[in-house]
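Q: Dropping a structure here in structure tokens format, bear with me for questions.
2 protein chains.
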Amino acid sequence: MRTVQVELGERSYPIYIDSGLLGQAGTYLEQHGLTKKSPLLIVTDDHVAPHYLGKLEAQLQDHGYTTVSAIVKSGEASKSLSVFEDVMTVAIKGGLDRSSAVLALGGGVVGDLAGFVAASYMRGIKFVQIPTTILAHDSSVGGKVAINHPLAKNMIGAFHQPEFVLYDLETLQSLPPRDVSAGLSEMIKHGLIQDADFAKWCKEHAQQLLALDAETLGYGLERGCSIKAHVVSQDEREGGLRAILNLGHTIGHAIEAVAGYGEFLHGEAISVGMAGSALLAVKMGRDASVYEETMALLQAFHLPTTLPAYLNVDEIMAAMMHDKKFKEGFMVFIIPDAIGAVSIVSDIPEQDVRDVLEQLRDGGEAIV
Amino acid sequence: MRTVQVELGERSYPIYIDSGLLGQAGTYLEQHGLTKKSPLLIVTDDHVAPHYLGKLEAQLQDHGYTTVSAIVKSGEASKSLSVFEDVMTVAIKGGLDRSSAVLALGGGVVGDLAGFVAASYMRGIKFVQIPTTILAHDSSVGGKVAINHPLAKNMIGAFHQPEFVLYDLETLQSLPPRDVSAGLSEMIKHGLIQDADFAKWCKEHAQQLLALDAETLGYGLERGCSIKAHVVSQDEREGGLRAILNLGHTIGHAIEAVAGYGEFLHGEAISVGMAGSALLAVKMGRDASVYEETMALLQAFHLPTTLPAYLNVDEIMAAMMHDKKFKEGFMVFIIPDAIGAVSIVSDIPEQDVRDVLEQLRDGGEAIV
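Going down the list, the sequences are from chains A and B. Quick note on our numbering: the first sequence kicks off at 4 and runs consecutively. Quick note on our numbering: the second sequence kicks off at 4 and runs consecutively.
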């Protein structure tokens, strides 16, 4: 068993990573002191529910817990205020009180939605994450939870740390290949921002990771979570350093918004964004090898690195203006200085960003 | 000028109480370090806006601030997810960023709604309260912000402390008499829970308070805020002591929910609830004088102390089951031990509560 401790003072929590943890969920809830007098709410989606919901419910009931479940549709569209209200209805009708907990069984969407329910139900109750995707290794560290506003992604949210995270590697075995690649995109990102050795390890182990080899994947998730936990523990509320985790996200979020949530998987969109950030880095004088190595790494995982023709550059620029990384009139980007090192640059000229988007459409060839 | 400091460590903030503060809002924002580079959002309602919005906007613009405003309908119905989304839309279109602040210009409804917008916009931005009702002296202390779910009041919320509170006594002069009485209900409550001398002072000054005498009202608000601030500073997240502030609220919230939000003013509903808590106290063996003095105090302010016949006791009981004060299978009530002293009692039998509701319908005569 691998354990990553996220250090956040009195809000610290562990991430347990191993095969078969779902079948021990009740024991972990007991160990973490969750009361059996108050019902639990399990939030999951219609892709995950058929595989794991019954197993989790039975496991918890065997331990004497009462549960109610909310099953939402799979996909980003479930991070809406309307679905949020539906989940709240299940919580209220299920009799959840202030000693209850919300369990997120699923990927990043379920984690974000369930987390915001936990953060705001009766002004905040306990939260447990049981991720079933690789991508969720990212969202399970740091307590950022949110739902979407029709005008912008993740606009309505909170910082709400879980009691613990239970990462059962067996639940990843049923992921479709496209979700595997997209999930590994955030893992790669953690190497790119802070750990050149890990980035190199990722590239060398691309085949095993894509094939979901448990030992390799366990190490990758542990390392990815650890890098993120280290950053978050230094900046819980995103005052400064934590922004480096947004490598690729300024362009990535805008692509998701313009393409329509769900057209691009999140990991795919930030892969294009990371390619864009590398292009921007070269434009600002960094060595061309930053771009070349970033591209080689993303391509080893079959991740997209170009903008499809149907996406309008003006719309992407407009969407970025609404993004949280746009602050006090300047465009803020995370720019790679080298593999494993990034800078937060807050005065990027709009025209340079526009040029990079055009080059991304042409495959980035123009600049290197 | 009177100032009450709410002591909450790094989240401490002052409440400024005086006549004419609205005309100095820009100066206060500057003193508290709010940036002029990011737009401010003013949230207010259609009753308050015609009187004070233009004045506030002009004052802030004179100081170099950019503002956008969201005007919601007056009344509890505006604490809905739908209105919340509309206000978020104004914030996004207005270009609010992480350095922006939300200003609540209005009563408790506007404060709760605007506060939850501030708590959740981009996972939390700054918040300033400019109360225009007496009732808001209560909600402006302690950072509890929330909106309603169709099934239960204040079910969706957060703890989000303001930067400061600006209490302009002049804005209270236009309040209708019914709102004045209802607002003073929470002030009386602060005397009842912790300060017998202040309860006595309230009764002796009922006429001046109802007539909105500025000096008397200033003192009453200062004292009410101070009592609440003292309780909240010992228990910010409502783990224990803070529950005493809920005197009258278990029954009061249920009345509001069953009558339909807006039929009873909040202060009126908790007045009936305080009468009910006093009846319950006598039922549990406290001296009958607790009930008699509570009734005399509430009646001095022309506040209701009985349940109207059109309210169904079963429905009120059911609504209480959904309330946050219902924990792990027991009914929790705040029970007066004497004027100025209360206990949190967590094992009240359901039948006793039902009996008290029936007696409240008959004016409480049956018990004393």
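C-beta atoms are modelled at their ideal positions from N, C-alpha and C, and glycine is treated no differently.
(1) Decide if Ala103 (chain B) is buried, meaning its Cβ has at least 16 other Cβ atoms within 10 Å, or exposed.
(2) Step through the CB atoms of chain A and report whether any lies within less than 8 Å of the CB of Tyr124 (chain B).
(3) Any C-beta of chain B sitting closer than 8 Å to the C-beta of Ile128 (chain A)?
(4) Would you check if the distance between the CB atom of Ile128 (chain B) and the CB atom of Ala117 (chain B) is smaller than 8 Å?
(5) Between Lys147 (chain A) and chain B, is there a C-beta pair that is closer than 8 Å?
(6) Taking contact to mean 3 or more Cβ pairs, one atom from each stretch, closer than 8 Å, check whether the stretch 14 to 28 of chain B and the stretch 213 to 232 of chain B are in contact.
(7) By the three-class DSSP mapping on this structure, what secondary structure does Gly242 (chain B) have?
(8) Please classify Ala299 (chain A) as buried or exposed, where buried requires at least 16 neighbouring CB atoms within 10 angstroms.
(9) Distance, Cα to Cα, Val131 (chain A) vs Ala107 (chain A)?
(10) Quick one: what's Leu373 (chain B) bridged to in DSSP?
(11) How long is the line joining the alpha carbons of Trp204 (chain A) and Ala257 (chain A), rounded to whole angstroms?
(12) Just how far apart, CA to CA, sit Ile338 (chain B) and Ala284 (chain B)?
(13) Name the chain C residues that come within less than 7 Å of Leu84 (chain B), Cβ to Cβ?
(14) For a test of the three-state rule: what should DSSP assign to Asp290 (chain B), helix, strand or coil?
(15) Considering Cα atoms alone, identify which of B:Ala281, B:Phe162, B:Asp358 and B:Met334 is closest to Asp350 (chain B).
(16) Could you say which of A:Ala260, A:Gly343 and A:Leu187 lies nearest to Asn157 (chain A) if we only look at CA atoms?
(17) Using DSSP with H/G/I as helix, E/B as strand and the rest coil, what is Gly23 (chain B)?
(18) Tell me whether His305 (chain B) sits in a helix, a strand or coil according to DSSP, three-state version.
(19) Excluding the 5 residues flanking Val183 (chain A) on each side, which residues of the same chain have their C-beta closer than 7 Å to its C-beta?
(20) Which of helix, strand or coil does DSSP assign to Ile370 (chain A)?
(21) Three or more C-beta pairs under 8 Å: does that hold for the stretch 308 to 318 of chain B against the stretch 170 to 184 of chain B?
(22) Decide if Glu79 (chain B) is buried, meaning its Cβ has at least 16 other Cβ atoms within 10 Å, or exposed.
(23) Can you say whether Tyr124 (chain B) is buried or exposed, counting buried as having 16 or more other CB atoms within 10 angstroms of its CB?
(24) So Met298 (chain B) contacts chain A; which residues on that side make the cut at Cβ distance below 8 Å?
(25) At a Cβ threshold of 8 Å, is Ala161 (chain A) touching chain B?
(26) Check whether the Cβ of Leu154 (chain A) lies closer than 8 Å to any Cβ atom in chain B.
(27) Any beta carbon from chain B within less than 8 Å of Thr69 (chain A)'s own beta carbon?
(28) Note down, in chain order, all residues in the stretch 91 to 112 of chain B with a beta-carbon under 9 Å from any beta-carbon belonging to chain A.
(29) Gly251 (chain A) and Gly343 (chain A) - do their beta-carbons sit closer together than 8 Å?
(30) Nearest to Ala246 (chain B) by alpha carbon, out of B:Glu361, B:Lys147, B:Ile95 and B:Gly110?
(31) Roughly how far, in whole angstroms, is the beta-carbon of Lys82 (chain B) from the beta-carbon of Asp141 (chain B), given that I think they are within contact range, below 8 Å?
(32) I want to verify the contact list: residues of chain A whose CB lies under 8 Å from the CB of Met158 (chain B), in sequence order.
(33) Asp48 (chain B): buried (16+ other C-beta within 10 angstroms of its C-beta) or exposed?
(34) Starting from the N-terminal side, write out each stretch of the alpha helix (DSSP H) that is 4 residues or longer and does not extend beyond the stretch 173 to 199 of chain A.
(35) With distances taken between CB atoms, is the gap from Thr297 (chain B) to Val275 (chain B) smaller than 8 Å?
(36) Suppose you measure from the CA of Ala369 (chain A) to the CA of Gln362 (chain A); what does that come to, to the nearest Å?
A: The relevant details are as follows:
(1) In the sequence under discussion, the amino acid at residue 103 (chain B) is Ser, which differs from the Ala named in the question. Looking at its Cβ environment, which holds 16 or more other Cβ atoms inside 10 Å, Ser103 (chain B) is buried.
(2) Closer than 8 Å: yes.
(3) No - not a single Cβ of chain B is within 8 Å of the one on Ile128 (chain A).
(4) Contact flag unset, no.
(5) So yes, Lys147 (chain A) belongs to the interface.
(6) Contact holds: three or more Cβ-Cβ distances are below 8 Å.
(7) For Gly242 (chain B), the secondary structure class from DSSP, reduced to helix, strand or coil, is coil.
(8) Under this definition Ala299 (chain A) is an exposed residue.
(9) C-alpha separation (whole angstroms): 6 Å.
(10) Outside the shown range of chain B, which is 4 to 371, sits residue 373 (chain B), and nothing can be said about it.
(11) Distance between the alpha carbons of Trp204 (chain A) and Ala257 (chain A): 30 Å.
(12) Each residue's Cα considered, the two are about 6 Å apart.
(13) As a matter of chain content, chain C is missing from the structure shown, whose protein chains are A and B.
(14) It is coil, neither helix nor strand.
(15) Considering only alpha carbons, the answer is B:Met334.
(16) Checking every option, the nearest Cα to that of Asn157 (chain A) belongs to A:Ala260.
(17) Here Gly23 (chain B) carries a coil assignment [DSSP, helix/strand/coil].
(18) Here His305 (chain B) sits in coil by DSSP.
(19) By the criterion of a C-beta distance shorter than 7 Å, Val183 (chain A) is surrounded in its chain by Ile137, Leu213 and Leu215, once the five residues flanking it on both sides are discounted.
(20) Residue placement at Ile370 (chain A) cannot be trusted, given a pLDDT of 48 that sits under 50; what the coordinates show is reported in the next sentence. Ile370 (chain A): coil per DSSP, three-state reduction.
(21) Output reads no: the stretch 170 to 184 of chain B does not touch the stretch 308 to 318 of chain B.
(22) Counting the other Cβ atoms within 10 Å of the Cβ of Glu79 (chain B) gives 16 or more, which makes it buried.
(23) Taking all protein chains in view, the Cβ of Tyr124 (chain B) is crowded by 16 or more other Cβ atoms within 10 Å, so the residue is classified as buried.
(24) Per Cβ cutoff of 8 Å: no residues; Met298 (chain B) is ~32 Å from chain A at best.
(25) Cβ-Cβ to chain B under 8 Å: yes for Ala161 (chain A).
(26) At least one chain B Cβ lies under 8 Å of Leu154 (chain A).
(27) Closer than 8 Å: no.
(28) Cβ contacts with chain A: Met91, Thr92, Ala94, Ile95, Lys96, Gly98, Asp100, Arg101 and Ser102.
(29) Contact: no.
(30) Nearest C-alpha to Ala246 (chain B): B:Lys147.
(31) So it is not a contact: roughly 16 Å between Cβ atoms.
(32) Within 8 Å Cβ-Cβ: Met91, Ile95, Tyr124 and Met125.
(33) Burial call: buried.
(34) Correct list: 180 to 197.
(35) With contacts defined by Cβ atoms closer than 8 Å, Thr297 (chain B) and Val275 (chain B) do not form a contacting pair.
(36) With a pLDDT of 48 at Ala369 (chain A), under the threshold of 50, the modelled position of this residue cannot be trusted; read the value that follows with caution. A direct Cα-Cα distance of roughly 6 Å separates Ala369 (chain A) from Gln362 (chain A).
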